[in-house]
Each structure stands twice: as structure tokens, then as C-alpha cells.
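Okay, structure first, notes after.
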Amino acid sequence: AAIAISISLVYGVFFFPRIKELRAKYLDCRLCESRVVDARNLIEAVSKLDKEFGTRALISEKEAASGIDEFTKHSKSLGINFLSMKPGNIIIQEGMPYKILPIEIEIEAAGEQFVNFAGSIDELKKAIVTVKSFDITPDKDDSRRLKVYMVINMYLSLKDDYAG
């Protein structure tokens, strides 16, 4: 009985606190492992995005017309009807590695067509385009259609188009 009591005492004094510490460290390790797995999955997802969209580069001023052409063809394929398109003056912001070509656009589309269009602007292959602002009103003649006035920014390279 004395041996059993002494073994229990040694276990209680030396081993039991260490087992509690080990369990706490085990939970910390599992948490770190799950964070590593999440980070690895994120890196893998981003690398897939880079392969799909990372090949795009800023286009030059000379290539802006082809970027606008790609934008209009993509939009028309989604059923967007252009009422007007007016490129603005190129903006050069100090300290930025690009120029901005603002383009004022007035379009007409059904609601679903506009949603598909707005969600797919980032899929362009030639030009990098963002929506700066938009204003949506229902068409007076057809309540199922929308008239949208929007300003998009097309990003252009700072490199001199006429060098070489």
C-alpha cells in the first residue's frame, strides 16, 4: 500500500502537471497546424489567380483603343447596349506607376445583364479596368431595362509610347 501511495504521490507531484502542460501545448500545435494549412491553401489559390490573371500588364496609350475595343466586345457579348462612350483626359498621378484613362459610358441593359457585366469587368485580358462610379435609373420606355451612367478607369503604362 505504501508503494502504491508513493507512486501516486510522485505521479501527482511530477507527472500530472506536465501532462496538463502537454495537453495545452498539443492544442497550440493543432491550432498552428490549421493556420499553416489555411495559409498553404491561400497561397495555392493566389498562385492560381496569378496564373489566370497575372499575365495582364498595363497597356500603353497606343494600345488603349484595343483595350476599349475588348471592353466593348466583352460588354456586347453580355447583351449590353452602348448609348455613348466618351474617353476623358489622361490623368497622371504623382508617385503612381500608371496613368489613368477615365471613360464615361452610358449603357442600357436588363438587370441581370448589367449584374453579369459588372461582375465580369475584371475578366478582360488586355486592359486593367475598374469602375469608378455608376448611377442606375430605370428606362422610361421599358421598366425591365436599366439605363446606367458609369465612369470606368482604364490603367495605362507610364512608359513613353514613342520611344525607340
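The numbering used here puts the sequence shown at residues 30 to 193. Cβ atoms here follow ideal geometry from the backbone N, Cα and C, with glycine treated the same way.
Quiz prompt | Three-state secondary structure assigned by DSSP to V42 | solution = Of the three classes helix, strand and coil, the one that applies to V42 here is helix, per DSSP.
Quiz item: Does the beta-carbon of I132 have 16 or more other beta-carbons within 10 angstroms, so that it is buried, or is it exposed?
Solution: Counting Cβ neighbours within 10 Å, I132 comes out buried, since at least 16 surround it.
Exercise. Would you mind sorting V42 into buried or exposed? The rule is 16 or more other CB atoms within 10 Å of its CB.
Key: Its Cβ having fewer than 16 others within 10 Å, V42 is exposed.
Quiz item: Anyone know if the C-beta pair for L87 and S186 falls short of 7 angstroms?
Solution: By the CB criterion at 7 angstroms, L87 and S186 fall inside the cutoff.
Quiz item: What is the rounded straight-line gap between the Cα of I181 and the Cα of A53?
Solution: Each residue's alpha carbon lies about 53 angstroms from the other.
Self-check item: Backbone CA spacing between V144 and K161 [nearest angstrom]
Solution: Roughly 16 angstroms separates the two Cα atoms.
Quiz item: Count the other CB atoms within 10 Å of the CB of S35; is the residue buried (16 or more) or exposed (fewer)?
Solution: Classified as exposed, S35 has fewer than 16 neighbouring CB atoms from the shown chains inside 10 Å of its CB.
Practice problem: Go ahead and pull the three-state DSSP assignment for I119. | Solution: In the three-state reduction of the DSSP assignment, I119 falls in the coil class, being assigned neither a helical nor a strand state.
Exercise. Measure from the alpha carbon of E141 to the alpha carbon of each residue in A156, G117, V158 and R173, then state which is nearest.
Key: Taking only the C-alpha atoms, the option nearest E141 is R173.
Quiz prompt | Assigned secondary structure, I109 (DSSP; H/G/I helix, E/B strand, else coil) | solution = Correct three-state label for I109: coil.
Quiz prompt | Between the CA atoms of L56 and N118 - distance to the nearest angstrom | solution = Cα-Cα distance, rounded: 59 angstroms.
Quiz item: Pick from T159, D168, D170 and K155: whose alpha carbon is nearest that of A94?
Solution: Answer by Cα proximity: K155.
Exercise. Along the beta strand (DSSP E) that carries K138, what are the first and last residues, could you check?
Key: A small fix is needed here, since residue 138 is Ala in this sequence, not Lys. Counting along the chain, the beta strand (DSSP E) containing A138 begins and ends at Y127 to A139.
Quiz prompt | Cβ distance (whole Å) where L112 is taken to contact E135 below 8 angstroms | solution = Rounded, the Cβ-Cβ distance is 4 angstroms, consistent with contact.
Quiz item: Buried or exposed: where does V138 fall if 16 or more other Cβ atoms within 10 Å of its Cβ makes it buried?
Solution: In the sequence as presented, Val is not what sits at residue 138; that position holds Ala. Taking all protein chains in view, the Cβ of A138 is crowded by 16 or more other Cβ atoms within 10 Å, so the residue is classified as buried.
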